[in-house]
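In this note's numbering, the protein residues as written are 1276 to 1502. Quick reminder that beta carbons are idealized off the backbone N, C-alpha and C, glycines included. Bear in mind the structure is a predicted one, so any value in this text is a computation, not a measurement.
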């Protein structure tokens, strides 16, 4: 595809890998260590800007695939996993904001606490508990997001990308339907071959006629003699 918009997906994946790698470094250091370490502050900045790039590229990618109807050609489940990835990314970003351990995260946690208590889930998901949010962000939400992204990539590798609207002739068929092996059968009257061409037209061979002409004859060998 010649359009630069088709690169938004791989740019989203690249930003996600940068965010994931920097997040692992931050998680190993523990809570709040980036406030007292210059290297921790640098990794925290890389993680933050990786998240910004991730959401920017993902939003453009989602809008582009929507307007070109990326679910065409049996790619409906690919589209569903992409939307699910976007929703999980929002939840992951929310738990990440709770992990900032500054005045911004404290304000977000207080507002979310009231909303979660109104929904009746405040006793299960306590956003004021830093340890619980650390586990939610690093293990639960990020783990689910990574799994869905892997499924999304696997479906893209299997089905390919959708061609632009009006260019459906560029669609690549599945290997199972594009290549069908033929078979040969041998009968008493000759050999026939049947198969399927690449265009789907059946090619059938005609039986070979039996050889005609006088039969070769000669004296029968006597018993016990060599011929």
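| query | Does the count of Cβ pairs from the stretch 1429 to 1439 and the stretch 1345 to 1355 closer than 8 angstroms reach three? | reply | Contact between the stretch 1429 to 1439 and the stretch 1345 to 1355 is present: 3 or more CB-CB pairs across the two stretches fall below 8 angstroms.
| message | With a threshold of 6 angstroms on Cβ separation, who are the neighbours of residue 1357 within its own chain once the five nearest residues in sequence on each side are excluded? | response | For the purposes of this step, residue 1357 is taken as residue 82 along the chain shown, with counting starting at 1. These residues qualify, in order along the chain: 1427.
| task | Take residue 1316 and list the residues in its own chain whose beta-carbon comes closer than 8 angstroms to its own, dropping the five residues that flank it on each side. | result | As a position in the chain shown, residue 1316 is number 41, starting the count at 1. Short of 8 angstroms from the beta carbon of residue 1316, and not among the five residues preceding or following it, lie these beta carbons of its own chain, in chain order: 1309, 1310.
| For residue 1319, which of 1362, 1371, 1284, 1336 has the nearest alpha-carbon? | By 1-based counting over the chain shown, the position of residue 1319 is 44. With distances taken between Cα atoms, residue 1319 lies closest to 1371.
| field | Between the CA atoms of residue 1373 and residue 1381 - distance to the nearest angstrom | value | Along the chain shown, one-based indexing puts residue 1381 at 106. Along the chain shown, one-based indexing puts residue 1373 at 98. Their backbone Cα atoms lie some 7 angstroms apart in a straight line.
| said: Mapping the DSSP letters down to three states, classify residue 1380 as helix, strand or coil. | reply: In the chain shown, residue 1380 corresponds to position 105, counting from 1. Helix at residue 1380.
| field | Residues near residue 1486 in its chain [Cβ-Cβ closer than 6 angstroms; skip 5 each side] | value | As a first step, residue 1486 must be located in the chain shown, where it is residue number 211. The pLDDT assigned to residue 1486 is 47, lower than 50, so where the model puts this residue is not dependable; a value taken from the coordinates is nonetheless given after this. Same-chain partners within the cutoff: there are none.
| task | Say whether the stretch 1403 to 1421 touches the stretch 1294 to 1301, bearing in mind that this needs 3 or more beta-carbon pairs closer than 8 angstroms, one atom from each stretch. | result | yes
| What are the complete alpha helix (DSSP H) segments, minimum 4 residues, inside the stretch 1295 to 1354? | 1313 to 1342
| said: Among 1334, 1293, 1377, whose alpha-carbon lies nearest the alpha-carbon of residue 1284? | reply: As a working note, residue 1284 is residue 9 in the chain shown. Checked all of 1334, 1293, 1377; the closest Cα to residue 1284 is 1334.
| request: Indicate the three-state DSSP secondary structure (helix, strand or coil) for residue 1398 in the structure shown. | output: Walking along the chain shown from the start, residue 1398 turns up at place 123. Coil, per DSSP.
| Are residue 1290 and residue 1329 closer than 8 angstroms when you measure CB to CB? | The residue you call residue 1290 lines up with position 15 of the chain shown. The residue you call residue 1329 lines up with position 54 of the chain shown. The answer is yes: Cβ separation under 8 angstroms.
| Residue range of the alpha helix (DSSP H) that residue 1427 falls in? | Walking along the chain shown from the start, residue 1427 turns up at place 152. Unbroken alpha helix (DSSP H) run through residue 1427: 1417 to 1434.
| request: Please go through the same chain and pick out, in chain order, the residues whose beta-carbon is closer than 7 angstroms to the beta-carbon of residue 1432, but skip the five residues on each side of it. | output: Numbered from 1 along the chain shown, position 157 holds the residue referred to as residue 1432. Counting only Cβ-Cβ distances below 7 angstroms, and skipping sequence neighbours, we find nothing.
| field | Which listed residue (1323, 1340, 1398, 1366) has its alpha carbon closest to that of residue 1279 | value | Position 4 of the chain shown holds residue 1279. Among 1323, 1340, 1398, 1366, the Cα nearest to that of residue 1279 belongs to 1340.
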